[in-house]
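Engineer: Going by UniProt numbering, the letters in the sequence shown line up with residues 1 to 46, in that order. Starting off with a structure, shown below.
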Amino acid sequence: MIDFEEELQKFQPSLEVEQAEDAIYNNDLTDVTDIIKDMLSEMKNK
Numbered sequence: 001m002i003d004f005e006e007e008l009q010k011f012q013p014s015l016e017v018e019q020a021e022d023a024i025y026n027n028d029l030t031d032v033t034d035i036i037k038d039m040l041s042e043m044k045n046k
C-alpha cells in the first residue's frame, strides 16, 4: 500500500515553464533535420 505521507516528503516540484524552456533550448542537440541538412549540403558540394 502507498504511504502518502512518505511520498509527499520525497516529492520535488518540477521546473517552472520558463526554467524548463531555458533548459531545453540551451541544449545544443543535433536532430534528424540537422543531419539531413548536412547530408544534402555535402551532396551539393560534391
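In this text, a Cβ means the ideal position worked out from N, Cα and C, and glycines have one as well. Since this is a predicted model, take the numbers as computed values, not measurements.
Expressed to the nearest angstrom, what Euclidean distance is found between the alpha-carbon atoms of S41 and D34?
Structural biologist: A direct Cα-to-Cα measurement between S41 and D34 gives close to 11 Å.
Engineer: Would you grab the beta carbon distance between A23 and L15 for me? Rounded to a whole angstrom, and I think it's under 8 Å.
Structural biologist: 7 Å
Engineer: Which of the three DSSP states is assigned to T33 in this structure?
Structural biologist: In the structure shown, the three-state DSSP call for T33 is helix.
Engineer: When DSSP labels each residue in this structure, what does F11 get in the three-state scheme?
Structural biologist: coil
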